[in-house]
Structure formats: structure tokens, C-alpha cells
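All remarks here apply to the structure that follows.
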Amino acid sequence: MTRESESGLPIEPVYGPDALDGWNPGEKLGEPGAYPFTRGVYPTMYTGRPWTMRQYAGFGTATESNARYRQLIAHGTTGLSVAFDLPTQMGHDSDAPIASGEVGKVGVAIDSIDDMRVLFDGIPLDKVSTSMTINAPAALLLLLYQLVGEEQGVPAEKLTGTIQNDVLKEYIARGTYIFPPGPSLRLIADIFKYCRTEIPRWNTISISGYHMAEAGASPAQEIAFTLADGIEYVRTAVAAGMDVDDFAPRLSFFFVARTTILEEVAKFRAARRIWARVMKEEFGAENPKSLMLRFHTQTAGVQLTAQQPEVNLVRVAVQGLAAVLGGTQSLHTNSFDEAIALPTDKSARLALRTQQVLAYETDVTATVDPFAGSYVVEKMTDDVEAAVLELMAKVEDMGGAVSAIERGFQKSEIERSAYRIALETDSAERVVVGVNRFQLDEEEPYEPLRVDPAIEAEQAARLARLRAERDQDAVDTALARLRKAAEGTDNVLYPMKDALRARATVGEVCDALREVWGRYVPSDAF
1 MTRESESGLP
11 IEPVYGPDAL
21 DGWNPGEKLG
31 EPGAYPFTRG
41 VYPTMYTGRP
51 WTMRQYAGFG
61 TATESNARYR
71 QLIAHGTTGL
81 SVAFDLPTQM
91 GHDSDAPIAS
101 GEVGKVGVAI
111 DSIDDMRVLF
121 DGIPLDKVST
131 SMTINAPAAL
141 LLLLYQLVGE
151 EQGVPAEKLT
161 GTIQNDVLKE
171 YIARGTYIFP
181 PGPSLRLIAD
191 IFKYCRTEIP
201 RWNTISISGY
211 HMAEAGASPA
221 QEIAFTLADG
231 IEYVRTAVAA
241 GMDVDDFAPR
251 LSFFFVARTT
261 ILEEVAKFRA
271 ARRIWARVMK
281 EEFGAENPKS
291 LMLRFHTQTA
301 GVQLTAQQPE
311 VNLVRVAVQG
321 LAAVLGGTQS
331 LHTNSFDEAI
341 ALPTDKSARL
351 ALRTQQVLAY
361 ETDVTATVDP
371 FAGSYVVEKM
381 TDDVEAAVLE
391 LMAKVEDMGG
401 AVSAIERGFQ
411 KSEIERSAYR
421 IALETDSAER
431 VVVGVNRFQL
441 DEEEPYEPLR
451 VDPAIEAEQA
461 ARLARLRAER
471 DQDAVDTALA
481 RLRKAAEGTD
491 NVLYPMKDAL
501 RARATVGEVC
511 DALREVWGRY
521 VPSDAF
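In full-length UniProt numbering, the protein residues as written are 1 to 526.
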């Protein structure tokens with residue numbers, strides 16, 4: 001009996017040599033660390049050292065998140081990943097009326113250089129790699145990080161990490177956009193230019209399919225729409241006068257890992273192959289690093305359940321294994337209680353221990369690309385690649401990612417996929433353990449982590465003190481310079497950095513840009 005994959009592609013009960021009839025391993029595979037990078041972006045992959053174990057964390061105040069980061073580092077985390085609250089993601093201060101009820105809830109509240117200083121207190125920024133899940137205001141948080149590094153005496157050229165900075169997927173699947181697409185892409189190009197000169201080891205964008213997957217995208221949709229966004233970013237930078245090999249080596253990607261191991265491994269391998277070909281053939285990239293699709297993976301939060309939450313430990317282990325077998329460069333494993341609330345200390349530690357078991361107690365790190373040559377995985381890699389290329393061609397026919405977004409194409413495709421998954425789950429055709437099969441008559445009680453609502457008042461008090469203490473004339477002058485740069489063609493990050501150093505707030509800097517660039521309002525097509 002033939003089953004279907006998550007992308008709706010057939011999975012046969014048995015695969016043999018005929019599945020790869022006419023298949024050219026030299027063209028399809030190559031060697032690890034060599035074009036087309038199907039087998040991984042580095043020759044030795046995990047045989048030399050494991051992936052970066054990066055745990056996503058952030059909640060409440062900067063003080064609370066700093067304590068969690070110190071715990072994670074003590075437990076063996078090799079890279080930090082910062083979650084910001086919704087007001088910060090939307091460029092609003094914690095005391096803004098629109099922020100009411102959301103301060104510190106889904107991430108840490110960062111309003112100014114004062115908060116960023118506390119967030120990384122006692123954490124040497126030349127010794128840790130930091131990923132920041134921030135998009136529309138990504139430039140601000142990067143500059144705040146650089147300023148804190150300067151205060152620690154860390155030169156900018158020693159800072160390593162990533163800003164997500166992927167605004168196109170916000171229009172598609174997530175909604176934390178601020179500015180219209182045109183100015184947003186201009187800001188991204190300014191970040192590329194700034195980092196090439198000022199913070200050369202920083203990954204300037206993490207082009208994200210994860211959030212599309214969380215919204216219901218199939219594996220093929222996740223890869224197709226993410227790579228289409230990546231193409232748009234590369235075109236934007238080239239149009240701004242940059243040589244592709246000057247910025248492409250710092251591009252990175254962010255994908256989900258589901259419980260369907262075989263298709264996920266195939267998905268990652270197909271994505272590397274497609275991106276290498278696009279960069280070589282469309283953009284003429286010559287630096288091998290420009291052709292590498294390097295990516296971070298997070299296990300699939302959307303597949304975790306509030307029912308029987310301990311079962312999520314198994315799901316996360318399987319998802320993490322899929323990411324590792326697929327060749328990820330870094331990994332975040334979700335905590336088993338994330339379908340209920342923010343992770344507790346214990347659940348966050350267990351999530352990290354899951355990665356450590358995979359790295360040090362299994363043999364998956366002993367060899368590169370363990371599934372290479374597998375009849376089923378190679379056929380599925382080809383099948384996923386074909387499905388991805390078909391979707392990417394449709395985006396191109398509409399004029400590229402931005403034009404397709406304006407027509408609502410990606411969003412409607414993802415919604416159709418999400419609806420199919422919901423129907424299959426409701427009918428129990430898709431088994432979800434503990435939800436539609438193998439339920440308990442009564443769930444065991446579980447005490448989640450809760451964010452203190454007093455945080456909102458505390459942040460407002462901090463902002464009041466900041467505004468009373470700072471040199472307001474210096475802030476006003478810096479913000480005026482920022483508005484002038486935004487009106488023209490100068491790189492906005494330089495006056496933005498001056499404003500943040502003068503203790504302008506995140507909301508004030510974003511408001512200055514809103515005055516010039518306006519706000520994005522979705523069209524009726526959505």
C-alpha cells in the first residue's frame with residue numbers, strides 16, 4: 001500500500017535499484033563539502049565536532065533571561081538563541097498602549113541599551129555565539145548587541161552569531177512586520193553592507209521556513225517559499241551594488257524538523273542542492289561558501305501536544321535525529337512543555353540533554369551523510385526537489401517572492417496545506433498520539449512556568465528613569481539624523497547606532513522610521 005509524504009508525494013512500500021534508474025551519483029551527490037553539497041556543506045561534518053547546540057530562550061525581564069542563559073551555558077549549551085517579546089518584535093516600547101498585556105510573555109522585553117546590557121551581563125560576547133530571532137527591528141537589536149560588546153571591550157570583528165532579519169516570511173506566515181516590503185528590503189541591504197564592513201563574522205540573515213511550517217506549510221512548500229525569499233534578498237543586495245560573493249557567504253537558513261524522518265532528511269538534502277545551483281547558475285557566485293546552504297534547525301513546536309506532554313520528549317528526540325541526519329549546522333530542541341507554557345528550567349535542561357545524547361551516545365556522528373545511496377532517501381530527495389522547483393517556478397512566474405506575496409499566493413497555499421492536516425487529524429486519518437488515539441481518561445496535573453504580570457509595570461518604570469536620566473538633546477539630534485538617512489540613500493545603521501548609544505528606545509527608533517517609511521497594511525488579497 002502506497003502512503004503519502006507530508007508534501008503529498010508517494011512513499012512506496014519497497015524501494016530498489018529501479019527507483020534510481022538513470023540516476024547519476026556524481027551529478028546528484030558529489031562529495032561532502034563540495035558542489036552541489038547534497039551530502040553536507042563541510043567535508044567532515046560531525047566527525048570532527050558536533051553541531052552547535054543552541055537553545056532558544058527568553059522571557060520576562062532581561063534579568064530573568066540572563067539567569068536562564070547562564071544556566072544553559074553551565075549545562076553545556078554552545079550557542080545562545082534569544083526570544084523577544086511581541087512588543088520588541090513589533091518595534092514598540094513596553095509602556096506603549098499597544099504593548100499592554102504582552103510584555104515579557106513570549107520572549108524577553110528589550111526597550112533600550114540598558115536592557116541589552118543586563119541581558120548579557122557576565123556573558124563574554126567574544127566566547128559565545130548568539131542567534132536573535134528578530135526581524136523587522138533586527139538592525140536595532142544587532143546594534144545594541146554590538147554596543148554591549150564594545151562596553152565589554154570585545155571588538156566587533158570577534159562577534160559571532162545570527163539575526164533572523166527575514167521580513168518576507170512575516171508577510172507570508174507570521175505577521176510581525178512593521179514597514180512595507182520596499183523599505184524593509186532596503187534596510188536588509190543596509191544591514192548586509194554594514195556587517196561586511198563592521199561585523200564581518202556575523203550572519204546577516206536567517207532565511208526562515210520554520211514559521212511557514214508552523215503555519216501549516218508542507219516540507220516542499222517550506223523549502224520552495226524559503227528559497228524564493230532567499231533569491232529576493234540576493235537580488236536586492238545585488239541591485240544595491242554589492243557583489244554576490246561579498247555577502248552570500250554570511251547568508252544562513254532556518255528550517256523545521258518534523259517527526260517524519262525520511263522526508264525531512266530528503267528535504268534538507270534537496271534544499272542544499274537547489275540553493276547551490278541557484279547561486280552558481282543565476283547569480284554567478286564563485287566563492288564556494290556562497291553556494292553553501294548553511295542552516296539552523298528547530299524541532300517542530302506545532303507537532304507538540306498539551307495532552308500527555310511527556311510524550312513530546314520522544315517526538316523531540318525523533319525530530320532532532322532527523323535534523324542531524326539531514327546535516328544541520330545548529331539545533332534547538334523544544335522543551336516537552338512548550339505546548340502548554342514557557343519551558344521550566346528542568347524541561348529546558350532535558351531538551352539540551354536530548355541533543356547531547358544524540359551527539360555523544362549514538363553513532364550518527366561517526367560518518368558523514370549516513371543515508372547517502374539509500375534507495376528510498378535518494379528517491380525522496382529527487383521527489384522533494386522536483387516539487388520544490390515546481391512551486392518556485394510558480395513564484396517566479398508571478399514576478400518573484402514579493403509580487404507573489406502581494407497576490408497572497410504563498411499564504412493561500414500554506415492555508416490549504418494546514419486545512420488538509422486539520423481534516424486528517426480530526427478524522428484520525430493522521431494519528432496524533434494522546435490526541436486522537438491512545439488518550440487518557442484524565443490528564444495528569446502539570447504546573448507550568450508563568451510570567452509575572454508585574455513585569456509590565458517594572459519595564460515602564462525603567463523607561464521612565466531612562467528618559468529622565470538621558471541627554472534628550474542628544475537623542476533628538478540622533479533621531480533627526482536617522483530620519484534624514486531614511487529619506488535619502490545613506491546607510492541608516494550608522495545614525496541608528498548613535499541614537500541607541502544615546503539611549504533612544506527601540507520604540508522611538510522604529511517610530512522615526514515609521515514617520516518616513518510608513519506602516520505595512522495587508523491587502524484584501526490576504
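All C-beta atoms, glycine included, are put in the ideal place defined by N, C-alpha and C. What you are looking at is a predicted structure, and each value in this text was computed from that prediction instead of being measured.
If you ignore the 5 residues before and after residue 491, its C-beta comes within less than 8 Å of the C-beta of 190, 193, 194 and 485, all in its own chain and listed in chain order.
Cβ-Cβ distances below 8 Å link residue 463 to 93, 94, 95, 111, 112 and 505 in the same chain, with the five nearest sequence neighbours on each side left out; the list follows chain order.
C-alpha of residue 188 to C-alpha of residue 434: approximately 43 Å in a straight line.
Cβ contact annotation for residue 158 (same chain, cutoff 7 Å, sequence separation greater than five): 126, in chain order.
Annotation for residue 298: the continuous beta strand (DSSP E) segment containing it runs 295-299. Uninterrupted alpha helix (DSSP H) stretches at least 4 residues long and entirely within the segment 99-171 occur at 113-119 and 138-152, given in chain order. Measuring C-alpha to C-alpha distances from residue 335 to each of 170, 326, 497 and 348 identifies 348 as the nearest. Assigned with DSSP and collapsed to three states, residue 374 falls in coil, not helix or strand. By the 16-neighbour rule on beta-carbons within 10 angstroms, residue 359 is buried. Annotation: the segment 223-249 contains the following complete segments of the alpha helix (DSSP H) (minimum length 4 residues), in chain order: 244-247. For residue 22, no alpha helix (DSSP H) encloses it, and the DSSP letter there is neither H nor E. The alpha-carbon separation between residue 399 and residue 27 amounts to approximately 30 Å. Counting C-beta pairs with one atom in each stretch, the segment 406-426 and the segment 210-218 have three or more that are closer than 8 Å, which means they touch. Contact annotation: residue 252 and residue 206 have beta-carbon atoms nearer than 7 Å. Shortest Cα-Cα distance from residue 263 to any of 244, 319 and 289 involves 319. Residue state for residue 80 is assigned as strand, using DSSP reduced to three classes. Under a 10 Å Cβ-count criterion, residue 301 is classified as buried, with 16 or more other Cβ atoms of the shown protein chains found around its own Cβ.
By a beta-carbon distance limit of 8 Å, residue 260 contacts residue 6. Their separation comes to about 5 Å. Straight-line spacing of the CA atoms in residue 123 and residue 151 works out to 12 Å. Of all alpha-carbon atoms in 444, 135 and 155, the one lying nearest the alpha-carbon of residue 162 is that of 135.
For residue 179, DSSP records no beta bridge to any residue.
In chain order, 103 place their CB closer than 6 Å to the CB of residue 456, counting only its own chain and leaving out the 5 sequence neighbours on each side. When the Cα atoms are used, residue 477 and residue 308 turn out to be separated by approximately 56 Å.
Going by C-alpha positions, residue 379 is about 10 Å away from residue 17. Look at residue 197 here: in three-state DSSP terms it is helix.
Here DSSP, grouped into helix, strand and coil, assigns residue 319 to helix.
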